[in-house]
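One structure is given here, and the rest of the page talks about it.
Protein chains: 2
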Amino acid sequence: MNEKVPKYMELVNWVKLKLEAGELNTGDKLYSENQLSKMFSMSRQTVRHGISKLEQEGIVERIQGSGTYLCNKGMVKQPKTLNIAVVTTYVDRYIFPNVIKEMEKVISSAGYFTQIAFTYNTLERERAILQKFLDHNIVDGIIIEPTKSGLPNPNIELYRQLKRRKIPIIFINCYYPNLDLPHVAMDDRIAGLLAVNHLIEAGHKRIAGIFKADDRQGHFRYTGFIKGLLSAGLDIHDDHIIWIDTEDTNHMEDNESRILNRIKDCTASVCYNDEVAVSIVEMCKRNKISIPQQLSIISIDDSDLAAYCEIPLTSIAYPIKELGEKVATNMIQLIQNYNFDANYDFIPTISMRDSVRRLR
Amino acid sequence: MNEKVPKYMELVNWVKLKLEAGELNTGDKLYSENQLSKMFSMSRQTVRHGISKLEQEGIVERIQGSGTYLCNKGMVKQPKTLNIAVVTTYVDRYIFPNVIKEMEKVISSAGYFTQIAFTYNTLERERAILQKFLDHNIVDGIIIEPTKSGLPNPNIELYRQLKRRKIPIIFINCYYPNLDLPHVAMDDRIAGLLAVNHLIEAGHKRIAGIFKADDRQGHFRYTGFIKGLLSAGLDIHDDHIIWIDTEDTNHMEDNESRILNRIKDCTASVCYNDEVAVSIVEMCKRNKISIPQQLSIISIDDSDLAAYCEIPLTSIAYPIKELGEKVATNMIQLIQNYNFDANYDFIPTISMRDSVRRLR
DNA sequence: AATTATTTGTGCGTATGTATC
DNA sequence: AGATACATACGCACAAATAAT
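The listed protein sequences derive, respectively, from chains P and Z.
For the first sequence, position 355 matches number 355 in my numbering, and the numbering has no gaps at all.
Numbers in my numbering are just positions in the second sequence, counted from 1, shifted up by 1000.
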């Protein structure tokens, strides 16, 4: 009995329904004002009022002398911003400049703009960046590297909100569990497996592993590492596995005695990534441990650090160029087709250099 | 006599004029429909039509039972895009990752988004990027590094168009002549001067110079170089000055004989930047010329390349961090106040390392 | 090329409803 | 409670643009 909706809204809602049902389509001519007036038993002025509302919303366009037409700007989709956001943990080091370069190439040649932001692997920054996307609704898609993906993340809810808004998101390098969003990354389990297998094939039996705990890539690489040891029938020594976190990587000298004591029984070590490996190399140098004579090292990522290290490092090759290209290409496709499956896992390979010694 | 404008537009234009003249302000209450009806001698329906137009444009807001109020969304300024574009020649090498990092910090903490694009120092890409800014009107400001600033640039007209649209632009590293836009950069003349003076003070008299010709930074560094030689009373030997261009830097081996022949009489050389200097170091190594014993080298920019080169290079220090911060800070100010003077020149300093030998 | 019918745009009139102060 | 404000709704007449004849 609460007849509060104005009469002209009848017309407005009718048009919207017809549009959604597909009975009226973009470009179609709407009935004339006089026809609608008869159809809805309302005065022409009231019809005009309704059509004005529809015009304001961008649903119809009126052309004097011709008629009223349905617009392409269907009320559902908002205008494209032409921005694709690229959010990584860092910019100025490691593989990041290269990945960003490759993505920008693809994004710009598809006619989009590349928007960047960096989390420095902190939850605060990740939160601020995601919140800004939600507040300003300024991006058509988000390519993002997870922050501390190995730990429970309070920002997951923000990702869910973006997902509900149907903003395409692709994770790069890694991804959060319990969040059904696509990712493009290297298969880190295989990376860990390849690394340890290479050492086993070279005759090593007592193999240490240094992994990052606050990062899911660390968990995956560890998983592959363990799998390799087990399938070779080697024992797992818990004290040969060292967990570090993002903070530790910035102060590796504080971990020196801890790490060296744990490693000292081993002939080889898998390192989480090149940065960690380089720290270990420096640590060994300070402590007169020669590489690879006394300790073989294999790392993961194969960045410039591995190639230009004092002792060139054997490393599991991260397909940097391909990864940047693939994730950007998939994002473009995902924007065009929201149901596109944008997942992709790269199978890594080995770049052999001088940091692994063959036993016997 | 062409009285084609509708009557209700009288009211619309009157309100807009009052707004611009400051006689009506944000939040003010507009006269009631009946009052306006009398004032303009038009029916209340016509007044309502006019107010509807103003409402559509976001200029007024109607509140039933209360009145019609002026909105803050003044019609003059378009909505902020919150994007600041950062256009550099490269991303993945040299000082660029660091500069971008510093800029992003400032830009994001000011609440803006950082949009990136890279020209790879080609006119085609520069043109495409600027054209995209013009077409989509998507940025509030542009921080851009010139492309081949030493040569006549056919894209200047695009910069002029952006300037006419009052989009703030700040050049970084260098700037185009005949284009009255601000820049933030190191003073390259002083850099060239400091470099050559350092060699002169170390006792060198026959000093070569290698400069980039398609880059105005090259011209400036050369200018300072010449000034230093002249004030020290040294002769200028044209064959000791070598001009290279962007293409050459990618194929330095093709320039080997040319460069070595010209340098062979000299005891020292100023190099345009660290990349060139590193090429020269490699060239000398291949040709058994020892540095700094047979040839002293001083370069400019003081990037990682200089620090981590086989022979750590004495280099004129580019204030990378400060530059990124300053240009971004100035851009924020420029956006807030279009008349802000955003120019800034950094005075470089010397980072002394091992590539310059003291004579006598 | 001109005419005519159709369609939207402009302008005003009246009456009543409903929210605000 | 009453005055005032905007909102809805219907009525009519004519202008201007368009499209078809």
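C-beta atoms are modelled at their ideal positions from N, C-alpha and C, and glycine is treated no differently.
For residue 183/P, the enclosing beta strand (DSSP E) has its first and last residue at 183-186. The beta carbon of residue 1101/Z falls within 8 Å of a beta carbon belonging to chain P, placing the residue at that interface. The stretch 111-119 of chain P and the stretch 311-327 of chain P do not touch, with fewer than 3 CB-CB distances between them shorter than 8 Å.
Between the stretch 1142-1154 of chain Z and the stretch 1215-1230 of chain Z, the count of Cβ pairs shorter than 8 Å is three or higher; the stretches touch. Under the Cβ criterion of 8 Å, residue 1250/Z is not counted among the residues facing chain P. Straight-line measurement puts the Cα of residue 1282/Z at about 13 Å from the Cα of residue 1292/Z. Per DSSP, the continuous beta strand (DSSP E) segment holding residue 1118/Z begins and ends at 1113-1118. Taking C-alpha positions only, residue 196/P is separated from residue 289/P by approximately 21 Å. If you draw a 10 Å sphere on the C-beta of residue 166/P, you find fewer than 16 other C-beta atoms in it, and that means exposed. Annotation for residue 304/P: the continuous alpha helix (DSSP H) segment containing it runs 304-307. Across the stretch 1116-1143 of chain Z, CB contacts with chain P closer than 7 Å involve 1116, 1117, 1118, 1136, 1138, in sequence order along the chain. Separation of residue 266/P and residue 199/P (C-alpha to C-alpha, rounded to the nearest whole angstrom) is 12 Å. One finds nothing in chain Z with a Cβ atom closer than 9 Å to the Cβ of residue 225/P; even the nearest lies about 30 Å away. Fewer than three Cβ pairs drawn from the stretch 1095-1110 of chain Z and the stretch 1119-1129 of chain Z lie within less than 8 Å of each other, which leaves the two stretches out of contact.
Between the stretch 1167-1186 of chain Z and the stretch 1304-1313 of chain Z, the count of C-beta pairs closer than 8 Å stays below three; the two stretches do not touch. Under the three-state reduction of DSSP, residue 1212/Z is assigned to strand. Contact residues of the stretch 1288-1321 of chain Z toward chain P are absent (C-beta to C-beta distance below 7 Å).
Under the Cβ criterion (8 Å, minimum of three pairs), the stretch 1290-1309 of chain Z does not count as touching the stretch 1324-1331 of chain Z. In terms of Cβ geometry, residue 84/P and residue 139/P form a close pair [threshold 8 Å]. In terms of CA proximity to residue 1322/Z, 1348/Z leads the group 1359/Z, 1134/Z, 1348/Z, 1071/Z. Closer than 8 Å to the CB of residue 1057/Z there is not a single CB belonging to chain P. Note that the C-beta distance between residue 1360/Z and residue 1203/Z is below 8 Å.
Between residue 1068/Z and residue 1030/Z, the CB-CB gap stays under 8 Å.
For the pair residue 1232/Z and residue 356/P, the Cα-to-Cα distance works out to about 55 Å. For residue 41/P, not one C-beta of chain Z is nearer than 8 Å to its own C-beta. For residue 92/P, the chain Z residues whose Cβ falls inside 8 Å of its Cβ are 1097, 1098, 1100, 1101, in order along the chain. Among the bridge pairs identified by DSSP, residue 345/P is matched with 185/P. Close CB contacts of residue 1351/Z within its chain, under the 6 Å cut and outside five residues either way in sequence, are with 1302, 1315, 1317 (chain order). Counted as a single uninterrupted DSSP element, the stretch harbouring residue 1164/Z is not any beta strand (DSSP E) but the alpha helix (DSSP H) occupying residues 1156-1164. The shortest C-alpha to C-alpha distance from residue 7/P to any of 340/P, 332/P, 43/P is the one to 43/P. Residue pairing by DSSP puts residue 1061/Z in a beta bridge opposite 1069/Z. Under the DSSP definition of a beta bridge, residue 1205/Z lacks any partner. Residue-level contact check: residue 340/P does not touch chain Z, since none of the beta carbons of chain Z fall below 8 Å from its beta carbon.
CA-CA distance, residue 262/P to residue 242/P, rounds to 8 Å.
Contacts between residue 113/P and chain Z, judged by CB atoms closer than 7 Å, involve 1115, 1138 in chain order. When 7 Å is used as the limit between beta carbons, residue 1279/Z is near no residue of chain P, the shortest such separation being about 16 Å.
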